[in-house]
DNA sequence: TTGAAAGCGCTAACAA
DNA sequence: TTGTTAGCGCTTTCAA
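Residue numbers (the UniProt record's numbering), protein chains in the order written: chain A, 1 to 353; chain B, 1 to 353.
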């Protein structure tokens, strides 16, 4: 057909489409008789589109069962609508209230949670960070503060909004929602002192935060004159993380061997505290008569134990929803003024101490 | 500059790049002096590239701190390396062993877990499915089987590999890793019968699977001649999900009010069982002397209670790793022959019954 | 073994 | 309000 003398542009080679069958925005747009971008607007920003077009697009979506590809959307818009959370471990962890409220708060705004487990060993941390950053999440929530310098740098360099939680530090990577473990330690020491206890002890996980809590506890206790005469620290028993009822039981035996006169035990989790109560029951030790028990976390079961467990309540749900708020605010381009929030804690007094 | 008489091709308008600053594969390739696709190969399929090029690319990655954008990769390759898991709720749930092993098994193969909460009400289910399918995960793991027809259809239509868990059905959507709740119910009835119990009862969550378990339990118990003379079913108490120690305590009171002669209680979770033990202790009811207690789930704490709790063990970790295997196999194009796996259960006998 | 070109499905930027 | 065009950053396809 072309006249040979005229320079022509080659016809484009026939398209080799790689599509996998499902409906795309293009199909929906075609069906509705509009341009793809218009269909996109109808779905993401209905106000920017006239009523009849909105109708037609919605109908087309209905008829095709179209589900937007958020990977493609995220790539184009640089907003993945994904938020990553890192917890040491999922099973039996005290962080789940936070994860739960995080998931819910995020879902309410159309964000999805990606879950990563760092383990208590921090060995997989690097691979985990790579997997997370590679997904370009709109935010990352860390349980505890990031201690490795390498990790801090990578996260910072990624430019992703970060929320560290469950702790307090003067130098967060970015944002932080937490509380002071030192403050808990001394508050519990105070609490026990005021209730007449004089020979206190601790059982806690082999975990950096628990260590700081206990140091503060021990320090405050000694300052108040509690503890065996001349002791440099209160009796303590370190158990592996994650904590179990069994560790609590053996912990109490261990403490009693160290000092048969102890009259209070501060446990680094409610599971440990349940173990202490259980062991006391098995041995016929009166609680709180002979030994007071204080847990940490105020899990749902604490109030229902016999005796009901005194525990340090930490509002995990508040941490989760606050973290979600902070990240969503950032993702929407807002500036977050208050980057560090101390959500505090409460000692819930019950029968055990 | 152009001579007017000569037809010219317009210079391309200056590029309006939308890049967000980070390094891309292109940058790495340029630094290494190769084409982007070659850099891609060096990273994803090192064997397909010569040694010197591999070196140069790795060095470039090192120097830039490049982290591949998996959203882009997923879009192009149709493999998101994401797997979604849906649980009713995160906090205090018995499914966490599964989630944990799922996360670990997936991470080992470079997959990441997305977590969704359906709630026990199934109200948010539709929005959740949309959010999940929109991310084009390489697999979806459901806790329990999908009951809504609407949901089944959407999942099926999406073409995503699905694993239903924690139950058995002759008509799974796709694949299934679970066990029979009916079999558990009758096995526990048998178990208690053989240990001399004759007036059995149940406490269970308001949950479809628990209901089937209890029906089978009650049925088998009556067939064995257990239960009050002439009763149509064994005494039972239904409590809200998720189960708590408090519900277990009130459940036992309730059952004793129904029939003061009961000599065994089958609980639909270990938390409930802990509640029963706690209430018994508070009331001075001997366990297992007067009442035997059997839990479900064999959580870590079961063995450490006093008395140690007899419980139906379900290997959540096995469910998780099997589900991961199935999905990864599918994602890699393999055909899964055995689409339904019954992983069974074990009654772990301990002091409580 | 290496590369050029095109496309994954969507949205930002610009234009009408 | 609607559309055109050109990407997002990667991988597939095809060719050398």
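Just so you know, even glycine gets a beta-carbon here, dropped at the ideal spot from N, CA and C.
Check                                                                                                                                                             : Outcome
List, in order along the chain, the chain A residues whose C-beta lies closer than 7 Å to that of residue 90/B?                                                   : 96, 99, 100 and 103
Using 8 Å for Cβ pairs, my map puts residue 178/A next to residue 167/A. What's the rounded Cβ distance?                                                          : 5 Å
How would you call residue 379/B, buried or exposed, if buried means at least 16 neighbouring beta carbons within 10 angstroms?                                   : Residue 379/B falls outside the range modelled here, since chain B spans only 1 to 353, and no answer is possible.
In whole angstroms, what separates the C-alpha of residue 293/A from that of residue 297/B?                                                                       : 27 Å
Using alpha carbons as the reference points, say which of 276/B, 183/B, 310/B and 238/B lies closest to residue 206/B.                                            : 238/B
Can you give the Cα-Cα distance for residue 281/B and residue 226/B, rounded to whole angstroms?                                                                  : 25 Å
Between the beta-carbon of residue 246/A and the beta-carbon of residue 99/A, is there less than 8 Å?                                                             : no
Since residue 226/A is in the beta strand (DSSP E), which residue starts that stretch and which ends it?                                                          : It is not in any beta strand (DSSP E) - residue 226/A carries neither H nor E in the DSSP assignment.
Thinking C-beta only, is residue 299/B closer than 8 Å to residue 345/B?                                                                                          : no
What's the gap between the Cα of residue 72/B and the Cα of residue 143/A?                                                                                        : 28 Å
What residues of chain A sit near residue 69/B, judged by a beta carbon separation below 7 Å?                                                                     : 134 and 136
Between 286/B, 338/B and 350/B, which lies nearest to residue 310/B when the distance is taken from Cα to Cα?                                                     : 350/B
Let me see if you follow: with CB-CB separation under 8 Å, is residue 318/B close to chain A or not?                                                              : no
Per the DSSP calculation, residue 266/B is bridged to which residue(s)?                                                                                           : 202/B and 294/B
State yes or no: is the C-beta of residue 218/B within less than 8 Å of the C-beta of residue 243/B?                                                              : no
Determine whether the Cβ of residue 130/A lies closer than 8 Å to any Cβ atom of chain B.                                                                         : yes
Look at the alpha carbon of residue 137/A and the alpha carbon of residue 325/A, and state the distance between them as a whole number of angstroms.              : 15 Å
Using beta-carbon positions only, say whether residue 224/B and residue 191/B come within less than 8 Å of one another.                                           : no
Please list the residues of the stretch 267 to 287 of chain B that have a C-beta atom closer than 8 Å to any C-beta atom in chain A, keeping them in chain order. : 271, 274, 275, 278, 279, 281 and 282
Report yes if the CB atom of residue 277/A is closer than 8 Å to the CB atom of residue 305/A, and no otherwise.                                                  : yes
What does DSSP give as the partner residue(s) for residue 112/B in the beta ladder?                                                                               : 82/B
Quick check: what's the CA-CA separation for residue 82/A versus residue 266/B?                                                                                   : 41 Å
Flag residue 74/B as yes if its beta-carbon sits less than 8 Å from any beta-carbon of chain A, otherwise no.                                                     : yes
How long is the line joining the alpha carbons of residue 150/B and residue 24/A, rounded to whole angstroms?                                                     : 21 Å
Could you tell me whether the Cβ atoms of residue 60/B and residue 53/B are closer together than 8 Å?                                                             : no
Comparing the C-beta of residue 114/B with each C-beta of chain A, is any distance below 8 Å?                                                                     : yes
Residues bridged to residue 139/B by DSSP?                                                                                                                        : 83/B
Taking just the CA atoms, how far does residue 189/B sit from residue 155/A?                                                                                      : 55 Å
Around the C-beta of residue 18/A, are 16 or more other C-beta atoms found within 10 angstroms, so that it is buried, or is it exposed?                           : exposed
Using 10 angstroms around the beta-carbon of residue 341/B, count the other beta-carbons present and answer buried if the total reaches 16, otherwise exposed.    : buried
Between the C-alpha atoms of residue 70/A and residue 170/A, what's the straight-line distance to the nearest angstrom?                                           : 37 Å
Just to confirm the assignment, what range does the beta strand (DSSP E) spanning residue 184/A have?                                                             : Run containing residue 184/A: none in the beta strand (DSSP E); it sits in the alpha helix (DSSP H), 181 to 194.
Using the Cβ count rule (16 or more neighbours within 10 Å means buried), how would you classify residue 279/B?                                                   : buried
Consider the Cβ of residue 80/A: report whether some Cβ of chain B lies at a distance smaller than 8 Å.                                                           : yes
To the nearest angstrom, how far is it from the Cα of residue 234/B to the Cα of residue 204/B?                                                                   : 13 Å
Near residue 287/B, which residues of its chain fall below 7 Å by C-beta distance, leaving aside the five closest residues on each side in sequence?              : 277, 280, 293, 307 and 352
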